[in-house]
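**Q** Counting in the numbering used here, the sequence shown runs from -19 upward without gaps. Below is a structure I'd like to ask you about.
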Amino acid sequence: MAILTVLAKRSVSPDLEIAVSSRFWVVRVLVLTGAGVSAESGIPTFRGKDGYWRNLDPAKLATPEAFARDPQLVWDWYRERRQRIRNARPNAAHDAVARLAQRTDEFLLVTQNVDDLHARAGISAQRMVRIHGDIFVTRCSRCEFERHDYEHEHEHEDEHENEGVIPRCPECDAFMRPGVVWFGEQLSRNELERVEDFLDGGACDVVIVAGTTATFGYIIDWALRGSELIEVNPEETPLSRFATQQVREPAAIALPRIVDQLIASPSKL
Ligand SMILES: [Zn+2]
């Protein structure tokens, strides 16, 4: 978690400064993001042919069953994905969300993305819930042990050196696995509570849902907890009929404009 902690510390003071200098409205904003937001940074989504890896469907690799059957194959895929994420950069959508966070008194980002691009764009760990986990965490498949692998493996060579190796837990010797929520697994109770705590604090003035097909019931449930619902997605989704504003564009195009409008006319909030 070291890198996230460092980012969090760094972004606390600018956040506060801006909040103090422009505190003329009080707003609660919830932003929900999914794979479509990171796609434009070159992180392939699980859907469509671009998501395939070695002719395998990632949706079938990201399961406890796949790991039980072939942990090495699953680790090869995650190592490649980690490497791709390290080489990627936050895009205009990540930057726009970070800008909105700075200008909003009460803000929470809930992302389904396991990459660290929102954090690198400047969202502090306190204002973000990574509901599907963190790809750079390696945790034990049996006990509670976990570590953050970003620092250990940031040299590209290390990733190749480790190819074919299934990490073992230093505490209990069981196989370690990526710290992400796989298909068919429960979400972390802790993270769910953080979202519910925020929502219990009052109705949101605006909820923005970007780059997710909203196939999970909890995304729809949270999206409906605001007076305004802005949906950003090139495609129609199950959420579209509830949206007060539908924006059929990629997130990196639409979000900077939407955030500019919200910041320029806070009365709209
Ligand atoms: Zn263990």
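Every residue gets a Cβ at the ideal spot worked out from N, C-alpha and C, and that includes glycine.
Express the C-alpha separation of Q166 and A78 in angstroms, rounding to a whole number.
**A** Start at 1 with the first residue of the sequence shown, and residue 78 comes out as number 98. Start at 1 with the first residue of the sequence shown, and residue 166 comes out as number 186. Straight-line Cα distance between these residues: approximately 28 Å.
**Q** From I210 to S220, what distance separates their C-alpha atoms?
**A** Position 230 of the sequence shown, counted from the start, is the residue given in the question as residue 210. Position 240 of the sequence shown, counted from the start, is the residue given in the question as residue 220. About 9 Å.
**Q** For the alpha helix (DSSP H) holding S18, just list the boundary residues, first then last.
**A** For the purposes of this step, residue 18 is taken as residue 38 along the sequence shown, with counting starting at 1. From DSSP, the alpha helix (DSSP H) with S18 extends over A15 to A19.
**Q** Decide if A39 is buried, meaning its Cβ has at least 16 other Cβ atoms within 10 Å, or exposed.
**A** Within the sequence shown, residue 39 is the residue found at index 59, counting from 1. With fewer than 16 other Cβ atoms within 10 Å, it is exposed.
**Q** Which residue from I65, V94, M108 and G113 puts its Cα closest to that of Q82?
**A** Mapped onto the sequence shown, residue 82 falls at position 102. Closest by alpha carbon: M108.
**Q** Taking contact to mean at least 3 C-beta pairs separated by less than 8 Å, is the stretch 185 to 199 in contact with the stretch 224 to 240?
**A** These segments touch.
**Q** Locate the beta strand (DSSP E) running through V117, then write down its first and last residues.
**A** The residue given as residue 117 occupies position 137 in the sequence shown. Where V117 is concerned, the enclosing beta strand (DSSP E) stretches over G113 to C120.
**Q** When the Cα atoms are used, what is the spatial distance from N213 to A68?
**A** Numbered from 1 along the sequence shown, position 233 holds the residue referred to as residue 213. Numbered from 1 along the sequence shown, position 88 holds the residue referred to as residue 68. If I take the Cα positions, the gap works out to 21 Å.
**Q** Nearest-angstrom Cα distance between R237 and R122?
**A** Looking up residue 237 in the sequence shown gives position 257. Looking up residue 122 in the sequence shown gives position 142. Taking the straight line joining both Cα atoms gives about 46 Å.
**Q** Given a cut-off of 7 Å, decide if I65 and Q92 are closer than it, judged by their beta-carbon atoms.
**A** Taking the first residue of the sequence shown as 1, we reach residue 92 at position 112. Taking the first residue of the sequence shown as 1, we reach residue 65 at position 85. Not in contact: Q92 and I65 (Cβ atoms no closer than 7 Å).
**Q** Determine whether the Cβ of A154 lies closer than 7 Å to any Cβ atom of chain E.
**A** The question asks about chain E, but that chain is absent: this structure has only one protein chain.
**Q** What is the DSSP secondary structure of H134, reduced to helix, strand or coil?
**A** By one-based count along the sequence shown, residue 134 stands at place 154. Interpretation of H134 is limited by its pLDDT of 47, a score under 50 that renders its predicted location unreliable; the figure taken from the coordinates is listed afterwards. Correct three-state label for H134: coil.
**Q** Please confirm whether any heavy atom of ligand 1 lies closer than 6 Å to the CB of F125.
**A** Mapped onto the sequence shown, residue 125 falls at position 145. F125: yes, Cβ under 6 Å from ligand 1.
**Q** For A48, verify whether its CB is less than 6 Å away from any heavy atom of ligand 1.
**A** Position 68 of the sequence shown, counted from the first residue, corresponds to residue 48. For ligand 1, not one heavy atom lies less than 6 Å from the Cβ of A48.
**Q** Could you spell out where the alpha helix (DSSP H) holding F178 opens and where it closes?
**A** The residue you call residue 178 lines up with position 198 of the sequence shown. It spans R169 to D180 - the alpha helix (DSSP H) in which F178 sits, taken as one unbroken run.
**Q** Does the distance from the C-beta atom of D75 to that of A101 stay below 7 Å?
**A** Taking the first residue of the sequence shown as 1, we reach residue 75 at position 95. Taking the first residue of the sequence shown as 1, we reach residue 101 at position 121. Cβ atoms of D75 and A101: closer than 7 Å.
**Q** Which residue spans inside the stretch 39 to 113 form an unbroken beta strand (DSSP E) run of at least 3?
**A** For the stretch 39 to 113, whole beta strand (DSSP E) runs of length 3 or above, ordered along the chain, are 86 to 91 and 108 to 110.
**Q** Mind checking A234: buried by the 16 CB within 10 Å criterion, or exposed?
**A** One-based indexing of the sequence shown puts residue 234 at position 254. Burial call: buried.
**Q** Among G197, C152, W57 and L179, whose alpha-carbon lies nearest the alpha-carbon of P218?
**A** In the sequence shown, counting from the first residue as 1, residue 218 sits at position 238. Comparing Cα positions, the closest option is G197.
**Q** What residues match up with C184 in a beta bridge as DSSP calls it?
**A** Sequence index remark: in the sequence shown, residue 184 carries index 204 (1-based). Beta-bridge pairing links C184 to G206.
**Q** Helix, strand or coil for V145? Go by DSSP, reduced to three states.
**A** Residue mapping note: residue 145 aligns to position 165 of the sequence shown, counting from 1. V145: coil per DSSP, three-state reduction.
**Q** Are the beta-carbon atoms of V268 and A194 separated by less than 7 Å?
**A** The structure shown has nothing for residue 268, since the chain only spans -19 to 249.
**Q** By how many angstroms is the C-alpha of F222 removed from the C-alpha of L204?
**A** Start at 1 with the first residue of the sequence shown, and residue 204 comes out as number 224. Start at 1 with the first residue of the sequence shown, and residue 222 comes out as number 242. Each residue's alpha carbon lies about 8 Å from the other.
**Q** Using 7 Å as the threshold, is the C-beta distance between I115 and W55 below it?
**A** In the sequence shown, the residue the question calls residue 115 occupies position 135. In the sequence shown, the residue the question calls residue 55 occupies position 75. No, the pair does not count as a contact, with Cβ atoms beyond the cut-off.
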